[in-house]
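Undergrad: Questions regarding the structure given below will be posed in turn.
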Amino acid sequence: MPSDAKILRGRTLSFLSEPTGPEDTAAYRYLEDGALLVEGGLIRAHGDYAEVAAQAPEAEVVDHRPHLLMAGFIDLHLHFPQVQVVASWGEQLLDWLNTYTFPAEVQFADMTHAERMAGAFYDLLLGHGTTTAVAFCSVHPTSAEAYFAEAERRNMRMIGGKVMMDRNAPDGLRDTAQQGYDQTKALIEHWHGKGRASYAISPRFAITSTPEQLEAAGALVAEHPDAYVQTHLSENRAEIDFTLSLYPEAPDYLGIYERYGLVGDKTLLGHAIHLEPREIELLAATGGKPVFCPTSNLFLGSGLFDDAGLRAKGIANGIATDIGAGTSYSMLQTLNEGYKVLQLQSQKLHPLRAFHWITRGNAEVLGQVDRIGTLEAGTEADIVVMDARATPAMALRCEKATSLSEELFILQMLGDDRAVVETYVAGEPMKPKA
Ligand code: GUN
Ligand code: ZN
28 MPSDAKILRG
38 RTLSFLSEPT
48 GPEDTAAYRY
58 LEDGALLVEG
68 GLIRAHGDYA
78 EVAAQAPEAE
88 VVDHRPHLLM
98 AGFIDLHLHF
108 PQVQVVASWG
118 EQLLDWLNTY
128 TFPAEVQFAD
138 MTHAERMAGA
148 FYDLLLGHGT
158 TTAVAFCSVH
168 PTSAEAYFAE
178 AERRNMRMIG
188 GKVMMDRNAP
198 DGLRDTAQQG
208 YDQTKALIEH
218 WHGKGRASYA
228 ISPRFAITST
238 PEQLEAAGAL
248 VAEHPDAYVQ
258 THLSENRAEI
268 DFTLSLYPEA
278 PDYLGIYERY
288 GLVGDKTLLG
298 HAIHLEPREI
308 ELLAATGGKP
318 VFCPTSNLFL
328 GSGLFDDAGL
338 RAKGIANGIA
348 TDIGAGTSYS
358 MLQTLNEGYK
368 VLQLQSQKLH
378 PLRAFHWITR
388 GNAEVLGQVD
398 RIGTLEAGTE
408 ADIVVMDARA
418 TPAMALRCEK
428 ATSLSEELFI
438 LQMLGDDRAV
448 VETYVAGEPM
458 KPKA
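Here this note's numbering is used: the first residue of the sequence shown is 28, the next is one more, and so on.
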């Protein structure tokens, strides 16, 4: 047995498919005295403790009982250069971008600043149990270098890209169509597929890209069909009006991205709130993925994401924090606010489906369920250990909890980084110590 083999013992929960409701026990595997055999960065076995221990009698045992082990959380949309923008008061999207966000992003031209922020960013992700994320960097290649280099140091499976933006942004925060292409190309060549990194071609949104730049982004997509694409779609009414005035020939907002070859099944579309029927049909036909960002949508007053409406069309939605318009790094708090956004539309977010969403569901959106998002043997050992009694209020509420679903709902509504006992990245404990 190689020396790094270890057994993580605790209650284990892994999703096999999306639960259809509280009774759907076939959709997950929950073991009261479970264990994961972890070695070489991978989960080698998931089963009852006695069974796994018999398989690897030499392995060190890390006893996490009575805590709950799940796959590490996946955050499908956030902004690395906005760590100092979170909780900036009072504006809706376009004013918020101009007043707070763009000035903060200008600073990421400076590598020293970008590196310091990258350290803080990954500490926050891991502190909150997030092991994979898809982030926008700033327009500066330095920001993407800092983002990927720090992820590589921590051996995290991360996806991201520098934003392409060549208009409607201040000095120091614009590239050109050619620079956006060249810089993105160089970053793809350096980082895409290196270790655990993947690149996302990232035209910020149609407002900040000229048609020439979207054409260049489309060329990159054609040249790198295995890279992801990320952008923003129909977040806010004023944004949509401004967008359509810039692209008067477009049938609708998504039609702009469609025209430039940017919509496919590796395309992540942040927000996607105010959609036209044609746009929904196009998402269904292309496999484009809307990403629900509840804390952000409430914070900026953007609107209510129609999860059930999109799902009824067979569209697979992701869920994400959208830091820094989002107000928490916690995917648990994201589920909390998501639950409320859906309640306002008489839609339900059952805890089993919620925890599937931030693990296996988001991994499916990425097409990476063979690697991340579950505790199944052969996948990467990105694991979160959770304590539903982490705070006095949670402990008190847990006294009355009698089922797994109830415990999960307490975590979903009351949990945050305090409920994360440990975060494993490729088998190594990586939660920063307070
Ligand atoms: N649309 C374009 N850029 C952004 C951003 O940084 N945050 C949000 N919420 N929406 C955007
Ligand atoms: Zn965003």
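Beta carbons are placed, not taken as given, at the ideal position from N, Cα and C, and that holds for glycine.
This structure is a prediction, so every number in the text was calculated from the model and none was measured.
#1: What does a CB cutoff of less than 7 Å around K458 pick up in its chain, not counting 5 residues either side in sequence?
#2: Under 8 Å: does the beta carbon of S323 sit that close to some heavy atom of the ligand ZN?
#3: Between which two residues does the alpha helix (DSSP H) carrying L105 extend?
#4: Relative to the C-alpha of R231, which residue among L289, N182, R223 is closest?
#5: Kindly identify the DSSP beta-bridge partner or partners of C164.
#6: In this structure, how does DSSP classify H383 when only helix, strand and coil are distinguished?
#7: Give the DSSP-derived three-state secondary structure of D31 in the structure shown.
#8: Does Q240 pass the burial test, meaning 16 or more other C-beta atoms within 10 Å, or should it be called exposed?
#9: Since I215 and Y226 are thought to touch, with beta carbons under 8 Å apart, how far apart are those beta carbons, to the nearest angstrom?
#10: Based on DSSP bridge pairs, tell me the residues matched to H73.
#11: Whole beta strand (DSSP E) runs in the segment 205 to 243 with 3 or more residues, listed along the chain?
#12: Tell me the rounded alpha-carbon separation between K375 and P84.
#13: Drop a sphere of 10 angstroms on the beta-carbon of T52, count the other beta-carbons inside from all chains shown, and report buried for 16 or more, exposed for fewer.
#14: Tell me whether H259 counts as near the ligand ZN, meaning its Cβ is closer than 8 Å to at least one heavy atom of that ligand.
#15: Roughly how many whole angstroms lie between the Cα atoms of D102 and T159?
#16: Taking only runs that begin and end inside the segment 366 to 417, name each unbroken alpha helix (DSSP H) of 4 or more residues, in chain order.
#17: In three-state DSSP terms, what is D90?
#18: With distances taken Cα to Cα, identify the nearest neighbour of D122 among I385, V452, Y356, G328.
#19: Under 8 Å Cβ to Cβ from L271, same chain only, skipping five residues before and after it: list those, please.
#20: Relative to the C-alpha of T237, which residue among Y287, H91, G222, D193 is closest?
#21: Does the ligand SAH have even one heavy atom less than 8 Å from the beta-carbon of D349?
#22: Does the separation of the CB atoms of S261 and H298 fall below 9 Å?
#23: Is there contact here, the segment 67 to 77 with the segment 390 to 410, by at least three beta-carbon pairs under 8 Å?
#24: Please report the residue range of the beta strand (DSSP E) in which H140 lies.
#25: The beta strand (DSSP E) spanning V448 covers which residue range?
#26: Excluding five sequence neighbours on each side, which residues of the same chain lie with their C-beta closer than 6 Å to the C-beta of D202?
#27: According to DSSP, K340 sits in a beta bridge with which residue or residues?
#28: Mind checking L295: buried by the 16 CB within 10 Å criterion, or exposed?
#29: Specify, as a first and last residue, the run of the alpha helix (DSSP H) that Y284 falls within.
#30: Mapping the DSSP letters down to three states, classify S355 as helix, strand or coil.
#31: Answer yes or no: do G388 and E132 have a C-beta to C-beta separation smaller than 9 Å?
#32: Going by Cα to Cα distance, which pick from I437, D137, V256, A86 is closest to Y366?
#33: Measure the alpha-carbon distance for Q134 versus R143 and round it to whole angstroms.
#34: Comparing alpha-carbon positions, which option in A176, A54, P317, T235 lies nearest P197?
#35: For L43, which of helix, strand or coil comes out of DSSP?
#36: What's the call for Q128, buried or exposed, on a 16-neighbour Cβ count within 10 Å?
TA: Working from what's here:
#1: L153, G154, V447, E449, T450
#2: yes
#3: No alpha helix (DSSP H) holds L105; the beta strand (DSSP E) holding it covers 100 to 106.
#4: L289
#5: K189
#6: helix
#7: coil
#8: buried
#9: 5 Å
#10: L63
#11: 224 to 230
#12: 45 Å
#13: exposed
#14: yes
#15: 6 Å
#16: 378 to 383, 389 to 393
#17: strand
#18: G328
#19: A277, D279, Y280
#20: D193
#21: The model depicted lacks the ligand SAH and carries the ligand GUN and the ligand ZN instead.
#22: yes
#23: yes
#24: Counting along the chain, H140 falls outside any beta strand (DSSP E), though it belongs to the alpha helix (DSSP H) covering 138 to 154.
#25: 447 to 452
#26: V166, D193
#27: Answer by DSSP bridge pairing: none, since K340 is not bridged.
#28: buried
#29: 280 to 286
#30: coil
#31: no
#32: I437
#33: 12 Å
#34: T235
#35: coil
#36: Going by the sequence as given, residue 128 is Thr instead of Gln. Flag for T128 reads buried.
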